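Residue numbers (this note's numbering): 254 to 799.
Heads up, the thing below is written out as structure tokens.
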RNA sequence: GGCCCGUUGGUCAAGCGGCUAAGACGACGCCCUUUCACGGCGUAAUCAUGGGUUCGAUUCCCGUACGGGUCACCA
């Protein structure tokens with residue numbers, strides 16, 4: 254076979270040499286040990302947990318004085334969605350992830366671009382051509398049907414699937430056959446001529462898993478699709494080489510095609526990056542685990558957490574506890590420290606798939622929010638409401654001080670309340686404060702209903718004085734409780750229920766339901782002070798008459 | 001089916017040849033308490049399995065089982 258003739262036939266326009274690109278993209282001048290890594294999403298419009306998961310690469314880069322960049326893997330035109338790049342950047346920005354270089358919404362920055370793969374076509378073709386020149390790549394004119402038949406045949410014969418051996422029908426065709434097909438205009442793909450043997454294994458170092466032993470690739474996989482655009486495999490190798498990536502952090506589902514990638518790096522004579530295959534996030538589906546799925550699991554989408562209003566930092570805290578096994582301990586010891594102060598290490602990453610635990614996320618988020626100031630919570634809630642609950646946003650703006658005061662109830666001090674972990678929960682929880690959204694949802698305590706109800710409320714209103722201190726206020730409640738035949742100490746009532754008509758719990762709960770509409774609410778006196786005297790009296794009277 | 005990865009309580013997990021096998025979430029119980037929370041204390045609950053190696057295996061090796069992933073001109 255005349256490789257030169259074939260190369261000229263296949264790539265008539267390509268005149269660059271690999272050396273030209275080596276010169277154009279020189280090794281980066283960085284301190285030793287600097288991590289250069291990226292996230293490389295395909296622009297499908299769906300930004301998911303995995304993208305954020307891999308964005309821990311940013312922390313690694315920062316820690317080492319390296320580079321973190323964004324590359325867009327848009328080699329599949331069919332799946333591309335308008336505005337997808339913006340969506341990725343927007344989501345990453347929301348979570349505080351910043352890129353040193355790479356694609357931006359309206360272009361790009363950095364010296365190693367273009368960072369959109371389809372714009373790198375000439376580079377891929379140059380490398381592909383070099384492989385043809387070396388006799389390591391050849392065109393294949395099989396149709397989709399041909400390949401389908403091949404697969405069926407292999408299935409029936411219980412042989413390995415793939416384009417190899419006798420199934421690699423275009424592997425050793427004479428140049429004349431190729432020319433004839435080309436002349437007819439038949440579509441072709443460029444395949445890699447693999448010399449691999451399934452009996453051999455290759456060792457690959459993995460930053461998370463240690464030494465991996467994988468089967469050598471023996472299939473003639475596709476390098477260039479019929480539109481001249483590379484497959485993921487080929488693009489990944491070319492780009493991560495020329496963009497001088499040191500660490501490839503990606504999902505463990507890529508383990509299956511790792512042999513292809515190392516084979517390419519090795520035959521091109523390029524140093525392999527350090528692969529870091531992360532474990533997948535799983536979910537319980539009936540009795541069995543399975544990986545989180547785009548179609549079935551809304552919680553895979555990053556937008557899910559944004560819509561629910563889970564604070565960004567809380568999301569990171571959860572993700573980091575799943576990602577790095579020593580993070581949780583650190584965070585417990587430094588609850589108020591920025592998570593970026595934590596030194597992230599690949600070795601501490603888990604290598605088995607973990608179940609995604611929404612309950613724990615909720616706990617972490619509640620803990621996180623309980624430690625924040627009222628101003629912070631007000632601002633966060635407002636920002637969320639502006640996007641997802643505009644009616645609430647309007648109310649918050651109209652009554653900013655009132656909302657701040659409401660948010661401040663039970664906040665601060667040694668034991669802050671943990672009533673909500675995300676903005677949508679907060680919106681629901683705080684609704685009772687505002688007269689515009691106040692409704693009574695919980696029942697009146699049984700022991701305080703009927704005649705008792707009005708007796709308690711009347712008695713309470715009679716002595717109610719907003720100037721009272723907490724102690725004075727509670728003393729009055731106790732007096733009232735006793736006067737109406739209730740036990741001041743719940744324990745006494747429990748012991749001798751026949752002696753009382755109930756306990757102070759019934760009395761206070763009645764007041765609580767009257768003022769907040771529910772039995773689960775913060776301190777009555779504090780709430781009253783937020784509501785103001787007029788509104789407090791109005792609600793009590795309304796409840797008495799209800 | 002081939003190949004690959006994985007397996008410590010319900011969940012996330014520490015452990016890296018010798019420990020009463022950490023911790024967190026959840027569950028349960030008790031205490032505190034004007035309710036609910038919060039907080040405090042405590043309880044139950046784990047090394048998949050069979051062989052090796054070793055004085056000694058959760059830890060190292062092999063097999064089995066189970067789980068997951070992957071076998072496209074998708075990434």
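Every residue, glycine too, gets a C-beta built ideally from N, C-alpha and C.
For clarity, every value in this text was computed on a predicted model and none was experimentally measured.
*With a CB to CB cut of under 7 Å and the five nearest residues on each side skipped, what residues in its chain are close to residue 525?*
Once the five neighbours on either side are set aside, the close Cβ partners of residue 525 are 515 and 518.
*Specify the secondary structure class of residue 483 as computed by DSSP and reduced to three states.*
Correct three-state label for residue 483: strand.
*Can you find at least 3 beta carbon pairs, one from the stretch 564-584 and one from the stretch 542-550, that sit closer than 8 Å?*
Cβ pair count under 8 Å is below three, so no.
*For residue 468, which beta-bridge partners are listed by DSSP?*
Beta-bridge pairing links residue 468 to 454.
*Touch check for the stretch 601-612 and the stretch 531-540: three-plus C-beta pairs under 8 Å?*
Enough Cβ pairs lie closer than 8 Å, so yes.
_Outcome for residue 749 when other beta-carbon atoms lying within 10 angstroms are tallied against a minimum of 16_ = Residue 749 should be labelled exposed.
*Within the same chain, show all residues whose beta-carbon is closer than 6 Å to that of residue 528, passing over the 5 residues directly before and after it, in chain order.*
Once the five neighbours on either side are set aside, the close Cβ partners of residue 528 are 459 and 501.
*By Cβ distance below 7 Å, which residues in the same chain neighbour residue 551 in space, the five residues on each side in sequence not counted?*
Excluding residues within five positions, the ones whose Cβ falls inside 7 Å are 557.
_Where residue 504 sits in the DSSP three-state scheme_ = It is a strand residue.
_Output needed for residue 578: all residues of its chain with C-beta closer than 7 Å, excluding positions within five of it in sequence on either side, in chain order._
Excluding residues within five positions, the ones whose Cβ falls inside 7 Å are 601 and 603.
_Which complete alpha helix (DSSP H) runs does the stretch 323-358 hold, if anything under 4 residues is left out?_
Listed in chain order, the complete alpha helix (DSSP H) runs (minimum 4 residues) inside the stretch 323-358 are 337-347.
_Going by DSSP, what residue range makes up the beta strand (DSSP E) through residue 291?_
Run containing residue 291: 289-292, per the beta strand (DSSP E) assignment.
*asked:* Only counting the same chain, and skipping five residues up and downstream in sequence, which positions put a Cβ closer than 7 Å to that of residue 623?
replied: Cβ neighbours of residue 623 beyond the five flanking positions: 669, 670 and 671.
*So, using beta-carbon positions, are residue 311 and residue 321 closer together than 8 Å?*
A contact, by the Cβ cut-off of 8 Å.
*Closest to residue 296 by CA distance: which of 305, 331 and 789 is it?*
Checked all of 305, 331 and 789; the closest Cα to residue 296 is 331.
*Beta-bridge partners of residue 444, as assigned by DSSP*: 391 and 475.
*Between the stretch 481-493 and the stretch 376-388, are three or more C-beta pairs nearer than 8 Å?*
Inter-segment contact for the stretch 481-493 and the stretch 376-388 is present: three or more beta-carbon pairs are separated by less than 8 Å.
*Sorted by chain position, which residues of the same chain lie with C-beta nearer than 8 Å to residue 733's C-beta, five sequence neighbours on each side aside?*
Contacts found: 709, 712, 713, 716 and 760.
*Look at the Cβ atom of residue 661, then the Cβ atom of residue 684, and state whether they are nearer than 8 Å.*
Taking the C-beta atoms as reference points, residue 684 is found no nearer than 8 Å to residue 661.
_I want to know whether the stretch 716-729 touches the stretch 773-782 - three or more CB-CB distances under 8 Å._
Between the stretch 716-729 and the stretch 773-782 there are three or more C-beta pairs closer than 8 Å, enough to call the two in contact.
*asked:* Taking DSSP's pairing of strands, which residues face residue 463 in a bridge?
replied: Residue 463 is bridged to 459.
*Since residue 301 contacts residue 508 with CB under 8 Å, what's their CB separation in whole angstroms?*
In fact, because the Cβ distance is near 19 Å, the residues do not count as touching under 8 Å.
*Start and end of the alpha helix (DSSP H) containing residue 542?*
Following the DSSP letters along the chain, one finds residue 542 in no alpha helix (DSSP H) but inside the beta strand (DSSP E) bounded by residues 541-544.
_residue 414 beta carbon less than 8 Å from that of residue 407_ = In this structure, the beta-carbon distance from residue 407 to residue 414 falls below 8 Å.
*Starting from residue 568 and walking both ways along the alpha helix (DSSP H), at which residues does that stretch end?*
Run containing residue 568: 565-576, per the alpha helix (DSSP H) assignment.
*Quick one: what's got a C-beta closer than 8 Å to residue 477's C-beta in the same chain, skipping five residues either side?*
Taking residue 477 as the centre and dropping the five residues before and after it, the same chain places the C-beta of 377, 378, 381, 442, 443, 483, 484 and 487 closer than 8 Å to its C-beta, in chain order.
*Can you name the residues that DSSP bridges to residue 528?*
Answer is 459 and 501, bridged to residue 528.
*Under three-state DSSP, which class holds residue 813?*
Look at the range of the chain in this structure, 254 to 799, and you will see that residue 813 is not part of it.
_Could you compute how far the alpha carbon of residue 742 sits from the alpha carbon of residue 773?_
If I take the Cα positions, the gap works out to 20 Å.
*asked:* Please return the same chain residues whose Cβ sits closer than 8 Å to the Cβ of residue 499, not counting the five positions on each side in sequence.
replied: Around residue 499: 287, 288, 289, 290, 319, 526 and 527.
*Which class does residue 684 belong to by DSSP, given the choice of helix, strand or coil?*
Here residue 684 sits in coil by DSSP.
*asked:* Assuming contact is defined by CB atoms lying nearer than 8 Å, are residue 506 and residue 470 in contact in what I supplied?
replied: The Cβ atoms of residue 506 and residue 470 lie no closer than 8 Å to each other.
_Looking at the secondary structure, which residues open and close the alpha helix (DSSP H) in which residue 786 lies?_
If you look at residue 786, you'll find it in the alpha helix (DSSP H) that goes 786-798.
*Which word fits residue 254, buried or exposed, when buried means at least 16 other C-beta atoms lie within 10 angstroms of its C-beta?*
Exposed.
*Are residue 619 and residue 674 close, meaning C-beta to C-beta below 8 Å?*
Going by C-beta atoms, residue 619 is nearer than 8 Å to residue 674.
*Taking only the alpha-carbon atoms, compute the straight-line gap between residue 372 and residue 564 and give it to the nearest angstrom.*
Each residue's Cα considered, the two are about 36 Å apart.
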